[in-house]
């Protein structure tokens, strides 16, 4: 139900998953009635000056305050907005759009834990967001586009999220191939730079003939680009609809989303397949690859080092990969599950929140090429741990 609140609004709800849909003050309206939006409270401070409160879906939560709303003024005005994040500092540099599709940076200031924006409005709405909005519908469009360009691709529904949304997987396989690459994305809703990298990486793998033909002559692909569609839809800071961090659930498997991917990989193995490598796309404060230690009894041990060295060379040293290896056996992280369960490399491919938007696809394409080159150099037996 669409709700208006004047002149002061606070969200009256005992549910941490509820949020305001709209606030109207004289000739100014703040609206969050769209996919991926988050706006939890509004109040008017002075003429054309407003306070927007942003709350997490539940707590405790990683402090990654996501905000996204539309602003509409019936008359041209300079609107000042104070954003607060339930006692957390802002993480993302705000963006503005006139259509919800094309975005540019928005000037801001910070005071303590507050963020201040000034927006010149006209008689058309503008979108203001922590990052570019990439919603569930965009994944559907993207998958259909890939299917149209590569009819041999299959789009499967692995199952449904807690709120009933489809968890879709792109599968490309040949009956003669047994080795599988697994790609995962959007466990954490605000991490859209990771989504950008996933798009470019996957498109290179699936559409660039120089990669596609040799790679799929030998390997199969399981791609799950949008594992947390409920969190994406609701503009969550981190969690799924049950308030759980999916990338801390790969040990206990309490959530349907992680179980669906686990079971799909288990089915692949049951039918004679071999998981040989897995990539999980995320965002953080800077570009980094979180890997497993090479002494973790993985096969083949030097693959990550070789891949990242190749990536650096492939970009002519424009991009210098940062490799941080660690084992966290009790945290329930996807890469750890891959390493412990399949004894092969899993990597968390992290893209900086503020990384250059032209550099992200460039690096992702080179990452795909260099990974394919390294995988193809290895014999099938290289992906099996040698018993000591």
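Residue numbers (mature numbering (1 follows the signal peptide of the UniProt record, and there is no 0)): -20 to -1, 1 to 368. Built from N, CA and C at the ideal position, the CB exists for glycine as well. Remember, predicted model here, so these are calculated numbers, not experimental data.
May I ask you to report which of helix, strand or coil DSSP gives residue 313? Residue 313: coil per DSSP, three-state reduction.
Counted within 10 angstroms of its Cβ, other Cβ atoms place residue 345 as buried (16 or more) or exposed: So residue 345 ends up on the buried side.
When you compare the CB positions of residue 347 and residue 181, do they come within less than 7 Å of one another, or not? Result yes, Cβ atoms of residue 347 and residue 181 sit closer than 7 Å.
Taking residue 165 as part of the beta strand (DSSP E), name the residues at either end of that continuous run. Per DSSP, residue 165 belongs to the beta strand (DSSP E) from 159 to 165.
Let me confirm a value: residue 166 is counted as buried when at least 16 other C-beta atoms fall within 10 Å, else exposed. Which label applies? So residue 166 counts as buried.
Per DSSP, what kind of secondary structure is residue 350 in: helix, strand or coil? Helix at residue 350.
Write down every uninterrupted run of the beta strand (DSSP E) in the region 125 to 190 whose length is 3 residues or greater and which is fully enclosed by it, in chain order. Secondary structure remark: continuous beta strand (DSSP E) runs of at least 3 residues inside the region 125 to 190, in chain order: 134 to 140, 146 to 152, 159 to 165.
Residues bridged to residue 50 [DSSP beta-bridge criterion]: Residue 50 is bridged to 11, 107.
For residue 320 and residue 257, I'd like the C-alpha separation in whole angstroms. C-alpha of residue 320 to C-alpha of residue 257: approximately 12 Å in a straight line.
How would you label residue 290, buried or exposed, when you count the other beta carbons within 10 angstroms and need 16 or more for buried? Buried, by the Cβ-count rule.
Please report the distance separating the alpha-carbon of residue 4 from that of residue 52. If you take the alpha carbons of residue 4 and residue 52, they lie about 9 Å apart.
How should residue 365 be labelled, buried or exposed, when 16 other C-beta atoms within 10 angstroms of its C-beta is the threshold for buried? Using a 10 angstroms sphere on the CB of residue 365, the tally of other CB atoms stays under 16, which defines it as exposed.
My parser needs the beta strand (DSSP E) runs of 3 or more residues fully inside the region 195 to 252; what are they? 199 to 204, all fully within the region 195 to 252.
According to DSSP, is residue 274 helix, strand or coil? Looking at residue 274 - three-state DSSP - the assignment turns out to be coil, as it is neither helix nor strand.
Are there three or more Cβ pairs, one per stretch, closer than 8 Å when the region 308 to 317 is compared with the region 356 to 365? The region 308 to 317 vs the region 356 to 365: no contact.
Quick check: residue 155 and residue 261, are their CB atoms within less than 7 Å of each other? No.
What residue range does the beta strand (DSSP E) around residue 295 cover? Element bounds for residue 295: n/a, residue is neither H nor E.
Using only the alpha-carbon positions, how far apart do residue 66 and residue 48 sit? Approximately 16 Å, taken between the alpha carbons.
Quick one, are the C-beta atoms of residue 163 and residue 240 less than 7 Å apart? No Cβ-Cβ contact shorter than 7 Å links residue 163 with residue 240.
What residues in its chain sit with their C-beta under 7 Å from that of residue 222, if we drop five residues either side in the sequence? For residue 222, where only same-chain residues beyond five positions count, the Cβ hits under 7 Å are 142, 235.
When the distance is taken between beta carbons, is residue 1 closer than 7 Å to residue 12? Their beta carbons are under 7 Å apart, which means residue 12 touches residue 1 by this criterion.
Which same chain residues, not among the five before or five after residue 8, have their C-beta less than 6 Å away from its C-beta? Shown here for residue 8: same chain residues with a beta carbon closer than 6 Å to its own, the five before and five after excluded, namely 53 in chain order.
Going by DSSP, which residues form a beta bridge with residue 323? For residue 323, which the question treats as bridged, DSSP gives no partner whatsoever.
Assigned secondary structure, residue 359 (DSSP; H/G/I helix, E/B strand, else coil): It is coil, neither helix nor strand.
Would you check if the region 82 to 89 and the region 122 to 131 touch, i.e. whether three or more CB-CB distances between them fall below 8 Å? The region 122 to 131 makes no contact with the region 82 to 89, as fewer than three CB pairs between them are under 8 Å.
When you compare each of 202, 61, 265 to residue 158 by their alpha carbons, which one comes out closest? Considering only alpha carbons, the answer is 202.
Using three-state DSSP, classify residue 288 as helix, strand or coil. Helix, per DSSP.
Does the distance from the CB of residue 327 to the CB of residue 269 come in under 7 Å? Residue 327 places its beta carbon less than 7 Å from that of residue 269.
Does the separation of the CB atoms of residue 149 and residue 204 fall below 7 Å? Going by C-beta atoms, residue 149 is nearer than 7 Å to residue 204.
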